[in-house]
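Written out below as structure tokens is the structure these notes cover.
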């Protein structure tokens, strides 16, 4: 690795001359942010201003790879994100399609502690897909949610998470709920002989996220869930690198949709749900599955799968966790796309089973060949 | 105010029946996130699930106003954002076009401490537009940046901010740079008789942002700048409510572009650059001006102006700070749109004056009638 990291952008442009002009505008915008004619010569013009390393047609657009000096961001992950896409995120027809690491970026992004292999160890699932469900909805009492958690565990789910809408509401306060759900999952495990783990949702300020992460660890949860687009990318990166915190981190896509759903702006699905998550140190990433109530295509989901495991400066591959409108009937179709290295997140479809929840989980488990 | 807050969504739909179905899907997605048929009756169905308060055609789409119970988010601003647009941000053809406060949301959003009137007091500009510029580019030394800051002050600018690319780079370390720029602005003021303030850029982790905010305050800066889309919305809200911190906060749009630039997704310009900033407690908001190198229209900029001052649960109006590709020649056109209650951010165009920087600032000041 060198001391320059690279960002590939897909750029809408009329022709190659236009594309090169737009790429040059990005190289300036993301670094010096001043007109070309007032860029100081020497070090700034040669090292700080982004360098167009490659430019080529890509379908109806162009792809430009631009390299940036590690000197642009110091030791600051937030500032690295700023260099990657800061002001250019506000221009139309520019989408980040790849990020290549440098020494400096690798030094501040220690990456996932667990990743796919580590999560298999934690859950004891040596082979085949992992299974996750969620306690919900908001408005249920602690005891109702805990009962649900115990049934998920009894039915053989590997992870039970809070719904991402559960925080610290008065009908199920955070501490009481986490304690009750950990205990309930333990009871379910005792009945099933399984090793299901409970995964609480963490939100709020950076300090509250950290406090709750440590409190949850103390209470015996097996992992935690965060929404990086809500709580902040660096809050997640810090948690993943926190010496006092030792559990896997699961990422939820809430509030981040605008970053991916317009194909000509934001980030490619693989970059946002794969690369960026690994840079933050996330171990598993939840995203909307194809064919559900969200609009992701099979191709976009495959991009996430690829980016979750592609070489990235030695960072561990992470677990993809498609969810959203998944049903038992769709398992064969999903297995064809995802194979074994996947975590299925199924919530609503299982809850339809009511008191037969544990049985529904067993059917799901059988359907995925476990 | 009641204990339900409202969110208005613009929804792409074939007809009113389709629009109502999509609105109902949002009301479920943002609260219980389970299929309609398994929503528990009683409190959850009646209070927790979002209520469609209004639905009407709006051009080629529909607008639905949905109310949510304060019980959905507890005391958690991040969770309130989750309820406003969490998972629905990942669905196509849904855009947030208005947010109406409730008692609970108002209680956790104390709003701007200064706003427009407060920033006029701080800068001593009783009438007419405020003027802000930026020291740049990244790569200059501390002394070069400080010299630039002194000239801006000498020329009569009211605020001089760090470029948002300046953090803690080795050629201009944060503490050294802030101290030098505060001093340089003071020297410029001594020559001009003005009251220009220096505004450092804060990035990094939540704790670093707070530490630097307090350190900068100690060093005599007049305000601070943050990029909420980068550092996290709640990091900004906490800083604005921090009892140890007492300065105005200026918001920079970096990294947030995807939230606004596709007209059918994300947030309306007024909501993102007006309402949300006021909820966070920002005092002035930088955004790309119309007609510059970014693509905002005059209408979108007017939306921001309106939302920066519209009634919002008693929160103070804030200062709009258009920037990006602004020139002296465009001042009359900008005055026609913005009038007097505006802060013009002009950087690159002034820097083209080189050693004549202070004179260029004086010409700008005269052009805006100050």
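Protein chains in written order, with this note's numbering: chain A, 27 to 396; chain B, 27 to 396.
Idealized CB from N, CA, C, for every residue including glycine.
- According to the DSSP assignment, residue 231 (chain A) belongs to no alpha helix (DSSP H), since it is labelled neither H nor E.
- Neighbourhood of residue 280 (chain A) in chain B, by CB distance below 7 angstroms: 108, 112 and 113, in chain order.
- No residue range can be given for residue 140 (chain A), since it is assigned to no alpha helix (DSSP H) and is classified by DSSP as neither H nor E.
- Within the segment 270 to 301 of chain B, those residues whose Cβ lies closer than 7 angstroms to any Cβ of chain A are, in chain order, 279, 280, 281, 282, 283, 284, 285, 287, 288, 291 and 292.
- With a cutoff of 8 angstroms on beta-carbon distance, residue 369 (chain B) and residue 310 (chain B) are scored as near each other.
- 8 angstroms or more divides the Cβ of residue 27 (chain A) from the Cβ of residue 115 (chain A).
- Nearest CB-CB separation between residue 88 (chain B) and chain A: not below the 8 angstroms threshold.
- Annotated three-state conformation of residue 213 (chain B) is helix, per DSSP.
- Taking 7 angstroms as the cut-off between beta carbons, the residues of the segment 312 to 346 of chain A near chain B are 314, 320 and 321, in sequence order.
- Three or more pairs of CB atoms, one per stretch, sit closer than 8 angstroms, so the segment 172 to 190 of chain A contacts the segment 213 to 233 of chain A.
- For chain A, the residues of the segment 34 to 62 of chain B that bring a beta carbon within less than 7 angstroms of one of its beta carbons are 57, 58, 59, 60 and 61, in chain order.
- Closest in C-alpha terms to residue 161 (chain A), from the list B:60, B:193 and B:242, comes B:60.
- Ranked by how close their Cα comes to the Cα of residue 48 (chain A), the residues A:95, A:29 and A:121 have A:121 in first place.
- Residue 301 (chain B) and residue 263 (chain B) have their C-alpha atoms roughly 13 angstroms apart.
- By the neighbour-count criterion, in which a residue is buried when 16 or more other Cβ atoms sit within 10 angstroms of its Cβ, residue 68 (chain A) is exposed.
- Looking at the backbone, the Cα of residue 166 (chain A) and that of residue 138 (chain B) are separated by about 35 angstroms.
- Counting C-beta pairs closer than 8 angstroms gives fewer than three between the segment 190 to 204 of chain B and the segment 130 to 137 of chain B, which falls short of the contact rule.
- When Cβ-Cβ separations below 8 angstroms define contact, residue 196 (chain B) makes contact with chain A.
- For the options B:278, B:364 and B:43, the alpha carbon positioned closest to that of residue 189 (chain B) is the one of B:278.
- Between the alpha carbons of residue 55 (chain B) and residue 296 (chain A) lies a distance of about 24 angstroms.
- Contacts with chain A (Cβ-Cβ distance below 9 angstroms) from the segment 149 to 174 of chain B involve 160, 162, 163, 164, 165, 166 and 170, listed in chain order.
- Put simply, the backbone Cα of residue 39 (chain B) is about 34 angstroms away from that of residue 228 (chain A).
- Interface criterion met: the Cβ of residue 118 (chain A) is under 8 angstroms from a Cβ in chain B.
- Against chain B, the beta carbon of residue 378 (chain A) has neighbours under 8 angstroms at 61, 63 and 64, listed in chain order.
- Residue pairing for residue 159 (chain B): DSSP places it in a beta bridge opposite B:186.
- With a threshold of 8 angstroms between beta carbons, residue 100 (chain A) makes contact with chain B.
- Among the CB atoms of chain B, one or more fall inside 8 angstroms of the CB of residue 253 (chain A).
- Neighbourhood of residue 264 (chain A) in chain B, by CB distance below 9 angstroms: 231, 232 and 233, in chain order.
- Boundaries of the beta strand (DSSP E) around residue 124 (chain B): 120 to 126.
- Between residue 189 (chain A) and chain B, the shortest Cβ-Cβ separation is below 8 angstroms.
- If you draw a straight line from the Cα of residue 37 (chain A) to the Cα of residue 187 (chain A), it is about 39 angstroms long.
- By the rule that beta-carbons nearer than 8 angstroms mark a contact, residue 69 (chain A) touches chain B.
- Within the same chain, 270 and 271 come within 8 angstroms of residue 240 (chain B) by CB-CB distance, once the 5 residues on both sides are set aside.
- In terms of beta-carbon proximity, residue 374 (chain A) lines the interface with chain B, with at least one pair separated by less than 8 angstroms.
- C-alpha of residue 90 (chain B) to C-alpha of residue 118 (chain B): approximately 15 angstroms in a straight line.
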